Structure formats: C-alpha cells, structure tokens
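Residue numbers (my numbering): 131 to 370.
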Amino acid sequence: MKKVHSDVSGALDGLLFDGMTIMAGGFGLCGIPEALIYAIRDSGVKDLTVISNNAGVDGIGLGVLLETRQIRKMVSSYVGENKLFAQQYLSGELELEFNPQGTLAERIRAGGAGIPAFFTKTGVGTIIAEGKDVREFDGESYVMERGLFADLSIVHAFKGDTEGNLVYRKTARNFNPIMATAAKVTVAEVEHLVDAGKIDPDQVHTPGIFVKRIVHVPDPVKHIEQRTTRPRIIAASEVN
C-alpha cells in the first residue's frame, strides 16, 4: 500500500464528512498536526466532534476550526488557553465533554485496545460521575468510563518512514501515540520522511500498521503558548 501523499489535502482526500469524530494529537501547541488541521479547515467539513487534550489557542491549532464554527463538540481535558472556546461554550454554540486528563488518556488508550469501558476512582462523587454507572469494588466506589474511538486520527511525528512507522520527539509525543491507535484511519504529518528500514525498530513509537497515510511537512512552525523570559541582569561592567 502506498501511504505517502504529496500534500495535506491529498492525505485527507475521501476521509472527511460532516458530523464525523476526529482525534487530534498534541498538548497545547506542542506536537499538534497543524498542517492537517488547516487542511480540515479548508475542506469546509462541519459539525465535527473533536477529541483533543485542549483546543489550542485563539487563531492557532484547533482554534482555527473554532473560528470557522466547524466544531460542534469538544471532548477535552484542559481548555483554559482559548477565549473563543469559552465564549462559544458559554453561549451554547459549543458542546463540551470534560474529562480529567488521565481519564481522557485512558479512554483513548482503551479505545485503541478494543476495550469498550473501564472503571476508575477518578471523578467519583463529583459532577464527572453524574449520569454514569458507579459500582463498588472491594469496598471502594468506581465510575465507568467509555473507551473512545474516532473516524479519523491526525497526529504529528518528528520522523516517519514510508511504511508509516513513527518517532515522536520529547514532549511532542504526548497524546499522539495513543491517538494513532484509536481511529478507523490515522493520518500522520512528519517533519522528516525516510525510506523504510531507516528507523531502528527499537526506536519506533507507533508501528506503521496503525498509520494509513503520511504527508511530509518539513520545518513546521513550533508555536509557544506562553513565552516567558528571565529578567536580564545587567553586569557592573555594562553600567560603566
């Protein structure tokens, strides 16, 4: 199977439809599949349910899909960096399924492993547990959470080969590996594309069997949400 596509629109061709569920990797703006997000925006597909740790920031990452009102529902953990997200949610335009971060990660991992549901103590006795099955095991209460599985996962990798084997770099790994396993189709954008066999098997984070399509996106912009710098201490020699 030829997995490599020449551009992002081609990599998504035939996969997008209104009302679909999309998983989008990344944590904040770290490791987000930005090129694929822009291609989804340009496609005009709407009424999307998007599963992602957060919704980016205003005008960057998934924030661009909020601007175009293409997202109907977010399944997220942290949404505090996006004012437009808050405005749409509070006005009733956007539906939110809120999750503790570890629970969200486990729901995705479970979906990828074919596990339909699991029990966790996280959220018991809070609004997280409202309307969910709560059971007792060994004298402790646990809330049932459903596994998550999407129509499409979009992920970003530092390196990938033509067979779809992926390597993520440092904290940009975040949600990408588990999301790559939890969808009918996974599309990966990679910064460095190499021939099959050029990646040491022991270094592979996502085996190529999970990845159906790849697009080479060299030199992506690495955004920083909150840029902070240490105050510069002026040396006595500079004063003189």
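Yeah, the Cβ is synthetic: ideal placement off N, Cα and C, and Gly gets one too.
Just so it is clear, the structure is predicted and the values come from calculations on it, not from any experiment.
Just verifying my parser: in three-state terms, what is the DSSP assignment at L224? coil
Going by C-alpha to C-alpha distance, which of E319, L196, D137 and A310 sits closest to K213? L196
C-beta atoms of Y298 and F288 nearer than 8 Å: yes
Mind reading off the beta-carbon distance from L226 to S207? Whole number of angstroms is fine, and I expect it under 8 Å. The Cβ separation is near 11 Å, so there is no contact.
Just how far apart, CA to CA, sit V187 and E293? 33 Å
Could you have a look at F147 and say whether DSSP puts it in helix, strand or coil? coil
From D177 to M150, what does the alpha carbon distance come to, in whole angstroms? 7 Å
In or out: I257 buried (at least 16 other Cβ within 10 Å) or exposed? exposed
CB contact flag (I152, A280, <8 Å): yes
So, is the C-beta of V334 closer than 8 Å to a C-beta in chain B? The question asks about chain B, but that chain is absent: this structure has only one protein chain.
I think V138 touches L166, with their Cβ atoms under 8 Å apart; what is that distance to the nearest whole Å? 6 Å
Quick one: is S136 buried, meaning 16 or more other Cβ sit within 10 Å of its Cβ, or exposed? exposed
State buried or exposed for Q200, treating a residue as buried only when at least 16 other CB atoms are found within 10 Å of its CB. buried
Residues bridged to R303 (per DSSP): BP columns for R303 are empty, so no partner.
To the nearest angstrom, report how far apart N229 and D330 are at their CA atoms. 36 Å
Three-state class that DSSP yields for S116 in the structure shown: Residue 116 is absent from the structure shown; the chain starts at 131 and stops at 370.
For N184, which of P307, A247 and F215 has the nearest alpha-carbon? F215
Alpha carbon to alpha carbon, how far is L224 from Q217? Give it in angstroms, no decimals. 9 Å
DSSP on F340, reduced to helix/strand/coil? helix
Below 8 Å CB to CB, which residues in the same chain sit around K133 once its five sequence neighbours on both sides are set aside? T292, E293, G294, G338, V341, K342, R343 and I344
Tell me, which residues are paired with S173 by DSSP? None; S173 has no bridge partner.
Should V157 be labelled buried (16 or more other beta-carbon atoms within 10 Å of its own) or exposed? Residue 157 is actually Phe in this sequence, not Val. By the neighbour-count rule (16 or more Cβ atoms within 10 Å), F157 is buried.
Which residues does DSSP pair with I190 in a beta bridge? V187
Own chain partners of A141 with C-beta closer than 6 Å, once the 5 adjacent residues on each side are dropped: H135, V317, R343 and V345
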